[in-house]
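**Q** The number in this note's numbering is simply the position in the sequence shown, starting from 1, with 316 added.
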Amino acid sequence: MKWAIVTSALLLGLVVAMLYFTQVSSRDLVAAIPRFAAMIGETPTAARLRQLVWHTGEPEINSNIRIWANRHTGLYYCPKTKFYGEISPGVYMVQGEALQRGYRPADAQPCQ
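1) Based on the DSSP output, what are the partners of A385 in its beta bridges?
2) Assuming contact is defined by CB atoms lying nearer than 7 angstroms, are P426 and I383 in contact in what I supplied?
3) Determine the direct distance from the alpha carbon of G406 to that of F399, and round the result to whole angstroms.
4) Cβ of Q416 less than 7 angstroms from any chain B Cβ?
5) Bridge partners for R417 per DSSP, in chain order?
6) Excluding five sequence neighbours on each side, which residues of the same chain lie with their C-beta closer than 8 angstroms to the C-beta of A414?
7) Report whether the distance from the Cβ of C394 to the nearest heavy atom of the ligand SAM is below 6 angstroms.
8) Can you have a look at A422 and say buried or exposed, based on whether 16 or more other CB atoms are within 10 angstroms of its CB?
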């Protein structure tokens, strides 16, 4: 129980520091929360954060769609889009893996 409280306080402190000291948008901040949760391991707090961030009433994400991820920008492109497989340096991977690694959809919507 104490570990969950400590990790919650740590995550909250990191989030507040990011908001206060940087010009981070709230969208980028929400995208960073799973990375913070992954750093602290699989605690009840991390599991709850993941649940809050990824289960917001949006449609289910198809994790098996093959996407093109740009390593410099951290964005990924869906099949049949203009930049799919075109922007270097990049790598093909499935959407679920890209999301776990912290990549974000270029069009702000996951591939369907």
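The beta carbon of each residue, even a glycine, is placed where N, CA and C say it ideally should be.
**A** The answer reads as follows:
1) As a position in the sequence shown, residue 385 is number 69, starting the count at 1. Per DSSP, Y392 and V407.
2) The count along the sequence shown starts at 1 and reaches residue 426 at position 110. The count along the sequence shown starts at 1 and reaches residue 383 at position 67. Cβ atoms of P426 and I383: not closer than 7 angstroms.
3) The residue given as residue 399 occupies position 83 in the sequence shown. The residue given as residue 406 occupies position 90 in the sequence shown. When rounded, the distance between both Cα atoms is 11 angstroms.
4) The displayed structure is made up of one protein chain only, and chain B is not part of it.
5) Translated into the one-based positions of the sequence shown, residue 417 becomes position 101. Paired residues: none, contrary to the question.
6) Translated into the one-based positions of the sequence shown, residue 414 becomes position 98. Around A414: I383, A385 and Y392.
7) The model depicted lacks the ligand SAM and carries no ligand whatsoever.
8) Taking the sequence shown and counting its residues from 1, the one referred to as residue 422 is at position 106. Buried, by the Cβ-count rule.
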